[in-house]
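Chemist:
In this note's numbering, the protein residues as written are 11 to 645.
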């Protein structure tokens with residue numbers, strides 16, 4: 011009997027199945043080989059340019075080269091703003107695989123505090139142009155640089171760059187005038203030219219640095235480098251050098267600026283000095299100041315909050331933004347306005363019983379000397395600072411003519427050419443009050459304007475500018491801070507310079523100047539003690555600005571008031587009288603009458619500028635202030 015197992019085998023059928031499977035396998039292999047060959051052909055031929063470019067980008071990198079920022083000098087070539095070498099840590103987000111892990115590692119390597127780490131992460135996520143590095147940290151020390159170098163393979167997209175960082179040698183005394191640079195923020199990034207600012211992390215924020223940003227910054231360059239797989243630069247393939255920013259020479263005199271700051275002796279206030287003939291700002295001090303270097307790399311939150319909450323407002327630029335009633339400093343300007351309008355003559359007198367009354371009004375507007383000055387003409391009214399004379403003059407002129415005449419001197423206007431952030435302050439008028447309060451103008455308010463009180467507000471720069479115009483006998487030269495841009499002089503005739511002030515009789519200037527000279531040299535002058543020993547002829551006017559209003563029968567007593575409720579002291583002056591070389595305004599907050607404190611500071615500034623070798627000793631000025639305070643009455 012046949013074995014059953016033999017009947018179950020079918021060799022022919024098995025052979026057919028094997029051949030079919032082999033054929034299918036061969037077809038699959040052939041198909042896959044064709045697909046692979048097609049893909050290789052597509053990548054090598056069709057996509058050759060794309061992948062060639064990508065490969066080149068992995069090997070070749072284009073890096074921006076930031077320009078060197080222009081230096082800033084004072085008028086004598088003293089360096090005020092320089093660039094110091096430092097190491098910065100940057101991060102290019104497009105080259106980072108895991109941003110959070112990278113930041114965690116950086117925080118660990120750099121040993122950052124919690125506050126530093128928070129700022130670190132905020133900067134890492136700020137909007138930035140594609141493939142542009144974000145500045146994470148400046149001024150790395152040697153240990154931090156070493157740690158980053160050792161762990162470079164773990165930090166793709168992170169670079170340590172050697173760059174120049176802005177530094178201010180005299181930061182505190184120059185902070186408000188120069189301003190400072192700081193990190194470019196998201197809003198600024200939107201408006202900046204991406205080509206010009208490629209690789210740049212800092213931009214001018216305030217002051218001269220902000221106004222002359224276009225001049226100081228320069229033009230960014232580029233370099234093409236070959237890198238290895240870890241991103242390390244192997245060689246430079248090509249370069250377009252950056253164009254450095256232009257240097258800037260200012261009109262400021264560093265020594266005079268430092269003296270003015272020292273004279274204020276920590277008190278709140280401002281001193282501004284101008285060369286009348288050229289408009290050059292010789293000194294522009296606001297006190298107290300602050301260390302502007304702390305803002306360059308980014309001030310920490312606690313320190314910034316401390317500056318903001320400081321009751322003395324060190325960040326506030328009093329020289330151009332502080333608004334104060336001008337007090338009696340404006341009486342020479344009002345006298346000229348009265349002469350120009352034909353309301354007074356130099357020899358016209360009034361009788362001062364110690365007060366002035368409006369017609370049909372029982373209220374008495376008092377002179378600072380309660381019993382009055384008797385017969386007063388124009389020159390004496392300036393020398394003794396008689397209020398009654400100017401109440402009368404203001405009432406006779408009216409607010410409309412007062413506003414027009416005072417605006418011609420720059421009051422209520424922005425007067426500087428290149429002074430960033432300047433306030434226009436306020437020269438009040440009928441139209442202003444109607445728009446501000448929807449109220450009519452009252453005659454009593456005109457009287458307040460007549461002695462520099464009420465709504466009238468000026469900045470120290472405005473007061474110094476008006477004094478310079480007065481010293482020039484009405485010729486306007488706009489104040490400016492820049493003397494040279496690169497090697498080119500800034501023109502003296504600047505755009506938008508106001509029209510010169512003309513009056514019918516040139517001799518009237520001399521009569522007003524005579525009254526101002528008597529303020530310092532006359533037997534009744536309110537600042538006669540300041541004028542003792544003058545080696546040149548000087549004209550000036552003191553002023554006292556009220557911090558709060560007194561009632562009609564109230565008497566001012568500084569000793570009974572808190573320090574911050576006491577009057578502000580003001581003084582304006584120019585010298586020499588026959589050929590003015592300097593005009594100065596001084597405002598010292600809560601220092602009392604301007605005839606003492608502010609006047610001595612103004613005298614010290616003019617001495618320093620005109621006598622040079624006999625510059626005043628600050629300690630002597632302080633001793634004089636201590637012995638002189640309260641000895642001369644007047645405002």
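We put the CB at the ideal spot given by N, CA and C, even for glycine. Treat the numbers as computed from the prediction; the structure is a model and nothing was measured.
What is the C-beta distance between residue 78 and residue 228, in whole angstroms, given that I count them as a contact (C-beta under 8 Å)?
Modeler: Sure, about 7 Å apart at Cβ, within 8 Å.
Chemist: Exposed or buried, residue 91, counting other C-beta atoms within 10 Å across all chains shown (16 or more means buried)?
Modeler: buried
Chemist: In chain order, what residues of the same chain lie with their CB nearer than 6 Å to the CB of residue 245, ignoring the 5 residues before and after it?
Modeler: 236
Chemist: Three-state secondary structure (DSSP) at residue 437?
Modeler: DSSP places residue 437 outside both helix and strand once states are collapsed to three, so it counts as coil.
Chemist: Using only CA atoms, which one of 443, 391, 182, 165 lies nearest to residue 466?
Modeler: Nearest C-alpha to residue 466: 443.
Chemist: Please work out which residues of its chain come closer than 8 Å, Cβ to Cβ, to residue 430, disregarding the five sequence neighbours upstream and downstream, and give them in chain order.
Modeler: 189, 216, 217, 218, 220, 221
Chemist: At which residue ranges does the segment 366 to 440 contain complete alpha helix (DSSP H) runs of 4 or more residues, listed in the order of the chain?
Modeler: 388 to 393, 397 to 417
Chemist: Using 7 Å as the threshold, is the C-beta distance between residue 581 and residue 549 below it?
Modeler: no
Chemist: Mind checking if residue 328 is an interface residue toward chain B, Cβ cutoff 7 Å exclusive?
Modeler: This model lacks chain B altogether; it includes just one protein chain.
Chemist: For residue 101, write down the residues that DSSP places opposite it in a beta bridge.
Modeler: 144, 168
Chemist: If I measure Cβ to Cβ from residue 350 and keep anything under 6 Å in the same chain, skipping five residues before and after, which residues do I get?
Modeler: Closer than 6 Å at the Cβ level, and outside the excluded window around residue 350, lie 513.
Chemist: Round the Cβ separation of residue 339 and residue 551 to the nearest angstrom and send it over; I've been treating them as touching at under 8 Å.
Modeler: Indeed they touch by this definition, with Cβ atoms about 5 Å apart.
Chemist: Considering only residues of the same chain and omitting the five flanking positions on each side of residue 57, which have a CB-CB separation below 8 Å?
Modeler: none
Chemist: Would you mind reading off the limits of the beta strand (DSSP E) that contains residue 71?
Modeler: 70 to 75
Chemist: Which one or two residues does DSSP pair with residue 537 in a beta bridge?
Modeler: Answer is none; residue 537 lacks a bridge partner.
Chemist: By Cβ distance, which residues of its chain are closer than 7 Å to residue 357, with the 5 residues on each side in sequence left out?
Modeler: Hits under 7 Å: 387.
Chemist: Can you check which of these residues, 605, 294, 183, is closest to residue 530 by C-alpha distance?
Modeler: 605
Chemist: Between the C-alpha atoms of residue 405 and residue 270, what's the straight-line distance to the nearest angstrom?
Modeler: 38 Å
Chemist: Could you name the residues that DSSP lists as bridge partners for residue 235?
Modeler: 71, 246
Chemist: With the cut-off set at 7 Å, would you say residue 205 and residue 80 are in Cβ contact?
Modeler: no
Chemist: If we count Cβ pairs, one from each stretch, closer than 8 Å, do we get three or more for the segment 300 to 315 versus the segment 513 to 526?
Modeler: Segments in contact, no.
Chemist: Could you tell me which of 208, 212, 179 sits nearest to residue 192, measuring between CA atoms?
Modeler: 212
Chemist: Would you call the segment 105 to 119 and the segment 288 to 300 touching, i.e. three or more CB-CB distances under 8 Å?
Modeler: Judged by Cβ distances under 8 Å, the segment 105 to 119 makes no contact with the segment 288 to 300, as fewer than three pairs qualify.
Chemist: What is the DSSP secondary structure of residue 554, counted as helix, strand or coil?
Modeler: strand
Chemist: Find the nearest neighbour of residue 636 within the set 612, 28, 601, judged by alpha-carbon distance.
Modeler: 601
Chemist: So for residue 206, helix, strand or coil by DSSP?
Modeler: coil
Chemist: Tell me whether residue 110 is buried or exposed, calling it buried when 16 or more other Cβ atoms sit within 10 Å of its Cβ.
Modeler: exposed
Chemist: Check residue 88 in the structure and name its three-state DSSP category.
Modeler: coil
Chemist: Taking 7 Å as the threshold (C-beta atoms), are residue 489 and residue 426 in contact?
Modeler: Yes, the Cβ-Cβ distance between residue 426 and residue 489 is below 7 Å.
Chemist: Work out the CA separation of residue 411 and residue 422 for me, nearest whole Å.
Modeler: Residue 422 and residue 411 have their C-alpha atoms some 14 Å from each other.
Chemist: Opposite residue 93 in the DSSP bridges: which residues?
Modeler: Residue 93 pairs with 176.
Chemist: Give the straight-line distance between the Cα atoms of residue 409 and residue 439, rounded to the nearest whole angstrom.
Modeler: Residue 409 and residue 439 have their alpha carbons spaced roughly 6 Å apart.
Chemist: What does the Cβ neighbour count give for residue 305, buried or exposed, with the cut at 16 atoms within 10 Å?
Modeler: buried
Chemist: Given a cut-off of 7 Å, decide if residue 168 and residue 97 are closer than it, judged by their beta-carbon atoms.
Modeler: no
Chemist: Is it buried or exposed, residue 54, if we count other Cβ atoms within 10 angstroms and call 16 or more buried?
Modeler: By the neighbour-count criterion, in which 16 or more other beta carbons inside 10 Å mark a residue as buried, residue 54 falls on the exposed side.
Chemist: Determine the DSSP secondary structure at residue 498, reduced to helix, strand or coil.
Modeler: strand
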